[in-house]
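Heads up, the sequence shown stops at 194 in our numbering, and the numbers go up one at a time, no gaps. We treat Cβ as the ideally placed atom computed from N, Cα and C, and that holds for glycine. These numbers were taken from a predicted model, which means no experiment stands behind them. For reference, the structure discussed in these notes is given below.
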Amino acid sequence: MKYELHLRTSRAGALAGLGHDLDLIAEHLEVTATGDKIRAVVKADSVKVYGAMTDGRLDTKSPGPKDREKILGNIQKKVLQVAKFPEIIFDADISDMDSGKITGTLHLCGVSRPLTLTKRDRVWTTKINQPDFGIEPYSALMGQLKVADDVIVVIEEKG
Numbered sequence: 036m037k038y039e040l041h042l043r044t045s046r047a048g049a050l051a052g053l054g055h056d057l058d059l060i061a062e063h064l065e066v067t068a069t070g071d072k073i074r075a076v077v078k079a080d081s082v083k084v085y086g087a088m089t090d091g092r093l094d095t096k097s098p099g100p101k102d103r104e105k106i107l108g109n110i111q112k113k114v115l116q117v118a119k120f121p122e123i124i125f126d127a128d129i130s131d132m133d134s135g136k137i138t139g140t141l142h143l144c145g146v147s148r149p150l151t152l153t154k155r156d157r158v159w160t161t162k163i164n165q166p167d168f169g170i171e172p173y174s175a176l177m178g179q180l181k182v183a184d185d186v187i188v189v190i191e192e193k194g
């Protein structure tokens, strides 16, 4: 089965209207299952800007190329620190997968924490709090524009 992983960020701060609610995509996601165990590995440098939410809809043409380049640089260097942490790994036991939940351990930026994914139809979702993994959410303009602490993770089954 193929999967597509999206990370959805939202804006915070007094100047939030100047930023973007982003939809990021992991272009390299490898999922392997052995018995009752599953391992999902994302190459951290494969996380790219897929688009931005505009009026409640995904706009894959936004942000523009210049902003995408700047955002991607911040994600890779400051947020995910891809040179230091090249992989994001989720290890889980799937013996109770029929319950609509998978609980495992997420290894992100050198920190390992428990994480539960919940399934609805063919979509698995969860929420990650960036500070829980030692990540300081991106901010600009002296903190008046920043990325909210929580990031929504969406994994779609693609047949």
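Own chain residues within Cβ distance below 6 Å of residue i, not counting five before or after
i           : result
residue 103 : 84
residue 121 : 79
residue 142 : 124
residue 126 : 74, 139 and 140
residue 67  : 74
Option in the options with minimal Cα separation from residue i
i           : options              : result
residue 79  : 87, 94, 100 and 63   : 63
residue 190 : 45, 54, 61 and 48    : 61
residue 93  : 107, 69 and 59       : 59
residue 134 : 119, 115 and 155     : 155
residue 89  : 40, 114, 108 and 55  : 55
residue 86  : 77, 132, 194 and 107 : 107
residue 188 : 77, 131 and 95       : 77
For residue i: DSSP bridge partner residues
i           : result
residue 181 : 47 and 174
residue 142 : 124 and 147
residue 132 : According to DSSP, which records beta bridges pairwise, residue 132 is partnered with nothing at all.
residue 86  : 58
residue 137 : 152
residue 75  : 66 and 125
Residues near residue i by beta carbon distance below 7 Å, same chain, minus five either side
i           : result
residue 111 : 80 and 117
residue 165 : 172, 184 and 186
residue 192 : 36, 38 and 157
residue 168 : 143, 144, 146 and 148
Exposure label - residue i; buried when at least 16 CB within 10 Å
i           : result
residue 72  : exposed
residue 44  : buried
residue 182 : buried
residue 49  : exposed
Supposed contact pair residue j and residue i - C-beta distance, whole angstroms, cut 8 Å
i           : j           : result
residue 57  : residue 82  : At roughly 11 Å, the Cβ-Cβ gap does not stay under 8 Å, so residue 57 and residue 82 are not in contact.
residue 151 : residue 161 : 6 Å
residue 46  : residue 180 : 7 Å
Residues near residue i by beta carbon distance below 8 Å, same chain, minus five either side
i           : result
residue 97  : 55, 86, 87 and 89
residue 153 : 135, 136, 159, 160 and 161
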